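In the working numbering, the protein residues as written are 5 to 203.
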């Protein structure tokens, strides 16, 4: 058998396998997607899904925990091009900058109240809860409350959660869990964060 024939046969088998998976996937419902791990790109991936949904004319919203003191390209783009999109930020920056548990916890609670409202909106298709996992890890928010709210969200609403960790219960609740691994990072080699690439 030639290389071309082997390739074509392999693609035929792959096509059959994919078609079988598609045929068996009959349950249509909203999803919880967890993007976690120690690598770069979790927030970027979450925003990629936001932009994908916008491409289909879907309604989206964004809540960012931790970030908010330095604008990102994603934030600038959404605020300028899609000012109607609900976009909330905790606005305190990174916890290693604030070093104030009480203030950070209060800010997390205020931000979570906004997320709670969005989770119940029947006109939204997709909600990004960026860096929510840290709110659980640092005990700024009650895990049971967060998991219950995710479970009892509006039926049509898919939710993307990003951040390192998040705990076993969140992983079990999520329909899709993707882990971004860090093999190499320019910052570790003394290279500055680059606008348009890193933020």
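Glycine included, each C-beta is placed from N, C-alpha and C at the ideal position.
Being a predicted model, the structure only gives us computed values, none of them experimental.
Status (buried if at least 16 other CB within 10 Å, exposed otherwise) for residue 124
exposed
Answer yes or no: do residue 184 and residue 46 have a C-beta to C-beta separation smaller than 8 Å?
yes
Residue 129 versus residue 120 - alpha carbon distance
15 Å
Is the CB-CB distance between residue 174 and residue 145 below 8 Å?
no
Count the other CB atoms within 10 Å of the CB of residue 138; is the residue buried (16 or more) or exposed (fewer)?
buried
Regarding residue 63 and the ligand COA, is the C-beta to nearest heavy atom distance less than 7 Å?
Here there are no bound small molecules, and the ligand COA is not part of this structure.
By a C-beta neighbour count over all protein chains shown, 10 Å radius and 16 as the cutoff for buried, is residue 59 buried or exposed?
exposed
Between the stretch 150–166 and the stretch 25–39, do at least 3 Cβ pairs fall closer than 8 Å?
yes
On a Cα-Cα basis, can you pick out the residue from 133, 197, 142 that is closest to residue 153?
133
When the Cα atoms are used, what is the spatial distance from residue 51 to residue 9?
41 Å
Can you tell me whether DSSP reads residue 93 as helix, strand or coil?
strand
Confirm, please, whether the CB-CB distance from residue 48 to residue 160 is below 8 Å.
no
Spatial distance of residue 89 from residue 141 (CA atoms)
28 Å
Restricting to runs no shorter than 3 residues, where is the beta strand (DSSP E) found entirely within the stretch 94–157?
130–134
Nearest-angstrom Cα separation, counted from residue 178 out to residue 22:
23 Å
Nearest-angstrom Cα separation, counted from residue 103 out to residue 118
23 Å
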